[in-house]
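For the sequence shown, the UniProt record's numbering begins at 1 and goes up steadily by one.
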Amino acid sequence: MRTERRTDSPGGAAIRQRLLQTLGLHSLLGRYLHVVGITVLLLAAAAWITDRHVGDAVRENTANQSEHRQLSDQIRDLGNDLEDCQLTFQSYLLAPDGRQRRAIQDLLGRLVADARTLAGNERLRRSAYSREVAAQLHQDLTKLSAEVRRALDIRGDPQRLFPTMAILTTRMAPAAAEFYDAATRALDEARGARADGERLGVTERFSEARHVLTLMTNANRLWVAKGFVALDDAKHAARARADEVKPHAELLGNHLEALASLERQGRLSPRQGESLRIMQRAYRDWLQRYRELRAIDASGGGRADQALLRGTIQPLFMRASQALRVFERDTETDSARNIETLERVAERVSDNLWVFVLLVLLGSAGGAAVFAFHIRRPLARVAQALKSEAESAQDLPVLATPTVEIRDLVEAFRHMREQVRTRQERLAAVLTYAADAIVTIDEDGLIEGFNPAAEKLFGYPASEVLGQNVKLLMPEPHRSQHDGYIGRYLETGKKCLLGQEREVVGLRKDGIPLPIGLRVTEMHVNGRRLFLGMIADISERKALLQNVQMREQRMRTILDTTAEGIVTFNERGQIETWNKAAERLFGWTEAEIIGTSIARIVSPESRENRGDYVEHFMRSEIQRLVGHEGEVIGLHQNGSTFALALKIGRMEFEGKTKYTALLANITERKSMMENLRRMAEHDGLTGLYNRTYFLAELERLVERVKRNEKNTCALLYLDLDNFKYVNDTLGHAAGDQLLIEVAGVLSRRGRKSDLVARLGGDEFIILVYDIAPDLVDKVAESFRHHLADYAFQHEGKAVAIGCSIGVAVMDARTQSPTEAMSQADLACHLAKRAGRNSVHVFSAADAKDVQIMSLDMGWSRRIREAIEKDRFVLATQPVVHTRTRAVACHEILVRLREDDGALIMPGGFLPTAERFGLSVEIDRWVIRHAIALLTERRRRDPTMRFAINLSAQSLGAPAVADLVTQCIAENGVDAAALTFEVTETAAIADMNTATAFLMRLRTLGCLVALDDFGSGMASFAYLRELPVDYVKIDGRFVRNLIASPVDQAMVRAMNDIAHALGKETIAEFVESEEDFRLLGEIGVDYGQGYHLGKPALTEPEAARAAPMREVS
């Protein structure tokens, strides 16, 4: 670059230079300061003039704005409070809540106070109209407060809210109950009389009348319940609902008229006639009260708060809102006037500013001329030189100037040129050796730059792609859409892609797509718009990211779907993670709980009310819980507490210690275990302790008396004398009731310290603690005397029961619980031999006669001989499908063959076998022979299936399961053809043992049935825990199925629950075709009973069959 100098006389140039230096105009700074000084003077003058006009307007406007803000704030606060009060009041009407009521009362108080404050506002008091509106608003809100409080009182009292409730509960319900009781008494008398045709007609009439009453009262309840909700169009709704009651009322009247006609014909007994008159009176009273309800409902008086809400409260809310809108309009009008005032001031200021602008323009014109000659011309030459340098053209000369800054600019230009050339070389090296691909394109998408990294990434050499459209590097659909992206940007200027990194798909030369990260930057070079793309291969990063995301998603899914709450907290006890199960467990969401203390979820009881509980827990308690399960009292968000099991794990993460807690609500589990424990220890029918608990207590007692020679106890073995008679003649239900009443008699007679238990059947046992030996006989006689004085009453019949009691004295000489039981059992049999209803105390002489008595009572010996000599006999009874009537399987039953060939039924030997621990041996015998028999029969009929019963003792014997496995393998029989039945009481006695045993059978492929379901009064919840395939409904619910709606409901409930749990049902004791058809209608899957097939002995035993013998 050359410097060009102007020709001038030396003297003139020197004078000019000195003059410029003197005035400070030889530099741009000096000239700039002169211009600034003149401009400042002009601005000061303009500012002084403007300040005079603006000052007054600003002060006036400031005062107005302050008053306006104050008034607006008061109006806004009042409006917000009014809206909150209305919304909260509506919510309270839907769902009354004490917290909402207090909130409404607080809002009402604030509304009245805010209205009083608003009425005293100075700005409003300047207007007479505004003062009047504010005063009226205060009166309305005061009245609104009183009316809303009255509505709250009404809504909080259901009796006041629904006037019809008193009529329904105090008049109609007693009338219906009186009608129902009278009908029931008439039915009872009709059923007890001779069942001829006339009696059956009377029974049907009374039964239908009672049934129609139930339908009518249910329709009325539904009508009243809908009336509580249907607040609109009350008359129409009442008429529609009344139509639902009317048919039942008319039908009931017809039944009563028919019964009255029967009475006039003399076909009703006096007691039935009296019941009919009670029913007629109750019917008339009920209809009268129903008409009162209809009248109240038709008049819209179903709800007491309706008129208050619509006639007073709602209009007051509307008037208050309208008053606030009036204030808002007045405030807006005042604001508009302030704006007009400011506009006038602005016009005056504008005039002054135009004068100032004119002066500035004149000064600018003069300054522009000076600037063009002394600054612009030299700078233009410098700019031309810069452009020439940029285009690599020849150097242009630059004018010499006396201005210091221009000379400095020339020197800076020279230095810049050197730096630019150095940076160009450095940039070229960067593009060449950059790790990321760099592609430059123009507005048409043509490639102008393609560095070596891009060549390597896409597989194209630069020479092949330069000048080509960048779409060459894109797969579909991006290729078709690319021109649209650039076009939209050029048209709208909206930067959707520029400056942001995006993940897209590129296309290599070999046609293989690859994921890439793209960042596009816009640049302008020589007036042309170019786009530079930075491209990186993100295949590995994307694969790694997807892997991490999948792992995170799996972990989050596991955490959110696990049944247990999972909480992570740090060394300070602050919660860091909180899964969905924890939200359901404690009620707090993740956003609410994260960062808070772990003590928040523990009840104050577990925290021992310690202020430093967290520090104490993290310092001492947590180490005890790491890797082990503990129990505390959890605290729900609503303040309720529950039993909480927690197990804590410790981990190191990023150099910090973290703890993970597994949390579970174990309230239900603890309750279930307590119920299981109680059911395992108590008899399901009588509520007394059962055999299992008694035997355990007897073993403890024997050990105790061995340690203390002075301690004597007594064991009373009690057997009812006439139980079998009651059970056979009056039915099993009567027998069950007898056992319950006897249990009550024994419990009342015994001391609190004594233990009364039921062994099974009609056998009871009593442990008398700490008794003198000479008093044992008197105590036993006392128990016998109480039962001798007791008579069982059933359907007008009285049966004397009586009992035989065998007594064994336990002292230090008693060797074992078995010895004590054997002595008491033997003594009881001796009492029976003595004529029943007597007491026998075991003595040494009795021990000498045991050998002789065993001829009659040696059941344990006879059972063992039967096992050893194969004297048991198998019988089969079919189980029939209720829909197809096909035989699904056969239940295996067992009989004992006597020496004379007579067959003993199970009731004669199984109780003894259970007492002497022989049930498992009998089960083993049955399993071996039944599976062998099944194998033989399946050769003729491959569909044959057997169901085998197992005793309670077998459930705790793993050897039984081993035997099943062995027999299946030896016989080669399909395990699915075997079903093993266990009773409900046996299964729930020890849930864990029973579940493990049954699961092992199911693992083999066998099926499992739960027998006598409903006999033990177990909860349906336990059925869910047992791994069974079939549920056998106890026969006592099936015997009277046709005549008993209660039994029908019980069977239907058991069937529905079993089906819901994926199990099939079998009904026992099906004794008629009507029972079988009804079971099919209910949905029971299978039936079993004498009507479908009696037990049949298996061949060749059938040929040797002898009469059956029952032994009590």
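For each residue, glycine too, the CB sits at the ideal point set by N, CA and C.
- Runs of the beta strand (DSSP E) lying entirely within the segment 945-985, each at least 3 residues long, are 946-949 and 978-983 in chain order.
- Per the coordinates, the alpha-carbon of Met-172 lies some 37 Å from the alpha-carbon of Gly-1083.
- Taking a 10 Å sphere around the C-beta of Leu-545, we find fewer than 16 other C-beta atoms and assign the residue as exposed.
- For Gln-877, the number of other beta carbons within 10 angstroms of its own is at least 16, and it is reported as buried.
- Using a Cβ-Cβ distance cut-off of 8 Å, the segment 755-767 and the segment 711-718 are in contact, since at least three pairs of beta carbons, one from each stretch, lie closer than that value.
- Residue burial is scored here from C-beta neighbours: Ala-961 has at least 16 other C-beta atoms within 10 angstroms and is therefore classed as buried.
- In this structure Val-964 is buried. Its beta-carbon is surrounded by 16 or more other beta-carbon atoms within 10 angstroms.
- In the structure shown, Gly-634 adopts extended strand secondary structure according to DSSP, grouped into three states.
- Counting along the chain, Trp-859 sits inside the alpha helix (DSSP H) bounded by residues 859-868.
- With contacts defined as CB atoms closer than 8 Å, Ala-536 and Gly-517 qualify as a contacting pair.
- The residue among His-890, Ser-269 and Arg-277 with its C-alpha nearest the C-alpha of His-255 is Arg-277.
- In the DSSP annotation of this structure, Trp-588 is not part of any alpha helix (DSSP H), being labelled neither H nor E.
- The DSSP-derived three-state label of Ala-369 is helix.
- In this structure, DSSP gives Ile-538 a state outside helix and strand, which the three-state scheme calls coil.
- Annotation: Glu-891 to Tyr-1030 spans about 13 Å, alpha carbon to alpha carbon.
- Counting only residues of its own chain and dropping the five nearest sequence neighbours on each side, Gly-449 has a CB closer than 7 Å to the CB of Ile-438, Val-439 and Thr-440.
- Going by beta carbons, Gly-573 and Val-614 fall inside the 8 Å limit.
- In this structure, the beta-carbon distance from Ala-177 to Leu-259 does not fall below 8 Å.
- At a cut-off of 3 residues, not a single continuous stretch assigned as beta strand (DSSP E) sits fully inside the segment 670-701.
- Comparing alpha-carbon positions, the option among Asp-923, Ile-927 and Leu-978 lying closest to Arg-945 turns out to be Leu-978.
- Here the alpha carbon of Gly-1062 sits roughly 27 Å from the alpha carbon of Ala-664.
- Ile-805 is bridged by DSSP to Leu-718 and Val-839.
- When only Cα atoms are considered, Cys-1006 and Ala-824 end up about 41 Å apart.
- Beyond the five residues adjoining it in sequence on each side, Gln-272 comes within less than 8 Å, by CB distance, of Ala-186, Glu-189, Ala-190, Val-202, Phe-206 and Glu-263 in the same chain, given in chain order.
- Around the Cβ of Gln-86, a 10 Å sphere holds 16 or more other Cβ atoms; the residue is buried.
- Judged by beta-carbon spacing, Ile-771 lies beyond the 8 Å limit of Thr-818, meaning their Cβ atoms are not closer than that value.
- A distance below 6 Å between beta-carbons, with the five flanking residues on each side excluded, links Met-679 to the following residues of its chain, in chain order: Ile-988.
- The C-beta distance from Ala-282 to Ala-175 rounds to 5 Å, short enough to meet the 8 Å contact threshold.
- The Cβ-Cβ distance between His-881 and Tyr-1086 falls below 8 Å.
- His-929 and Glu-970 have their C-alpha atoms some 12 Å from each other.
- The closest CA to that of Ile-1033, considering only Gln-623, Ala-1009, Ala-219 and Leu-934, is found on Ala-1009.
- Sequence-distant partners of Ser-539 (beyond 5 residues in either direction) whose C-beta falls short of 8 Å from its own C-beta, in its chain, are Leu-514 and Pro-515.
- Bounds of the beta strand (DSSP E) holding Lys-1032 are 1030-1033.
- In this structure, the CA atom of Glu-583 is about 59 Å from the CA atom of Gln-468.
- It is roughly 16 Å from the alpha-carbon of Arg-554 to the alpha-carbon of Ala-581.
- In chain order, Ala-913 place their CB closer than 6 Å to the CB of Ile-922, counting only its own chain and leaving out the 5 sequence neighbours on each side.
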